[in-house]
Amino acid sequence: MNWHAIRAIYRFEMARTRRTLMQSIASPVLSTSLYFVVFGSAIGSRITSVEGVSYGAFIIPGLIMLSLLMQSVSNASFGIYFPKFTGTIYEIHSAPISFVEIVCGYVGAAATKSVIVGVIILATARLFVDYHIAHPLLMVSFLLLTAITFSLFGFIIGIWADNFEKLQVIPLLVITPLTFLGGSFYSIHMLPPIWQKITLLNPVVYLVSGFRWSFYDLADVSVGVSLAAIAGFLIACLVAIGWIFRTGYKLKS
Numbered sequence: 001m002n003w004h005a006i007r008a009i010y011r012f013e014m015a016r017t018r019r020t021l022m023q024s025i026a027s028p029v030l031s032t033s034l035y036f037v038v039f040g041s042a043i044g045s046r047i048t049s050v051e052g053v054s055y056g057a058f059i060i061p062g063l064i065m066l067s068l069l070m071q072s073v074s075n076a077s078f079g080i081y082f083p084k085f086t087g088t089i090y091e092i093h094s095a096p097i098s099f100v101e102i103v104c105g106y107v108g109a110a111a112t113k114s115v116i117v118g119v120i121i122l123a124t125a126r127l128f129v130d131y132h133i134a135h136p137l138l139m140v141s142f143l144l145l146t147a148i149t150f151s152l153f154g155f156i157i158g159i160w161a162d163n164f165e166k167l168q169v170i171p172l173l174v175i176t177p178l179t180f181l182g183g184s185f186y187s188i189h190m191l192p193p194i195w196q197k198i199t200l201l202n203p204v205v206y207l208v209s210g211f212r213w214s215f216y217d218l219a220d221v222s223v224g225v226s227l228a229a230i231a232g233f234l235i236a237c238l239v240a241i242g243w244i245f246r247t248g249y250k251l252k253s
């Protein structure tokens, strides 16, 4: 394993984040703060609590998960697509590094940036509502697993995309709707029985439910099922990237 190459890619991606702080950090945090104002104040004044938790505190895990999914996918997909777009991908091809090391560098940086955004949002939430974290170790585990898994998924999207439209289509048309319909702002138990069953087909439900359980011991599905879901998606992404590596797929500009 060429750790120098991994560190070089990682440091380059993190340096790009420092150069674009407004876009990388400030923008998602500001957007999430607006969610707190709109949902926490406007809707929270009508929905005082959900299963014994104030509505403002109830939506914190969902808002963090929304930002985490979007940032993980967009950071990783753009990170590998941009060198293809500019043609600098040939510098990576000419370096004595393997595909595994490229993945570790780009995915590691994307996951790190997403976790930083998630932690900042968690700290910012304290300005709006009081909350507690019942299982901090499990919360951190969900945070890291989700960031790594969806960064791997974003990396796959970045390899597949050959234009900016394809780069944005899955995050905007798939991940965002699934997150909004995945119980980020409500409990699925508030839905009619038929819609509860339909909602269980949404994989994001299991991520939000498990993450919320780590805060308040509240879950729409079993926390074991949530962990199995994120682990299964992680394995699927690793298998997909492994297939790409085994078939000798080359990054093309």
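All residue numbers in the sequence shown are consecutive under full-length UniProt numbering, ending with 253. Glycine included, every Cβ here is placed at the ideal spot set by N, Cα and C. The model shown is predicted, which means the values in this text are computed figures rather than measured ones.
In this structure, the straight-line span from the alpha carbon of I188 to that of F58 is close to 13 Å. Remark: C-beta atoms of A228 and L207 do not approach each other more closely than 8 Å. Around the C-beta of T86, fewer than 16 other C-beta atoms lie within 10 Å, and the residue is accordingly described as exposed.
The Cβ neighbour count for Y216, taken over all protein chains shown within 10 Å, is at least 16; the residue is labelled buried. Under a 10 Å Cβ-count criterion, K197 is classified as exposed, with fewer than 16 other Cβ atoms of the shown protein chains found around its own Cβ.
When the Cα atoms are used, L30 and T247 turn out to be separated by approximately 42 Å. From the listed residues L167, A240, P193 and K166, the smallest Cα separation to L152 is found for A240.
Taking a cut-off of 8 Å for Cβ pairs, the stretch 141 to 157 and the stretch 100 to 120 touch, as three or more such pairs fall below it. Beta-bridge pairing by DSSP links V50 to V53.
Here P96 carries a coil assignment [DSSP, helix/strand/coil]. Within the same chain, no residue comes within 7 Å of A123 by CB-CB distance, once the 5 residues on both sides are set aside. Per DSSP, P193 is one residue of the alpha helix (DSSP H) stretching across P193 to T199. Per the C-alpha coordinates, the member of R18, P83, V140 and F99 positioned closest to L68 is V140. Between the alpha carbons of A147 and P28 lies a gap of roughly 15 Å. When Cβ pairs closer than 8 Å are counted between the two stretches, the stretch 198 to 205 is seen to touch the stretch 171 to 190, the count reaching three or more. Between Y131 and I64, the C-beta spacing is not below 8 Å. In this chain, the alpha helix (DSSP H) harbouring H4 covers W3 to R19.
Excluding the 5 residues flanking it on each side, I170 has same chain C-beta neighbours closer than 6 Å at I157, in chain order. Around L127, the same chain offers no residue with a beta carbon nearer than 7 Å, after the five sequence neighbours per side are excluded.
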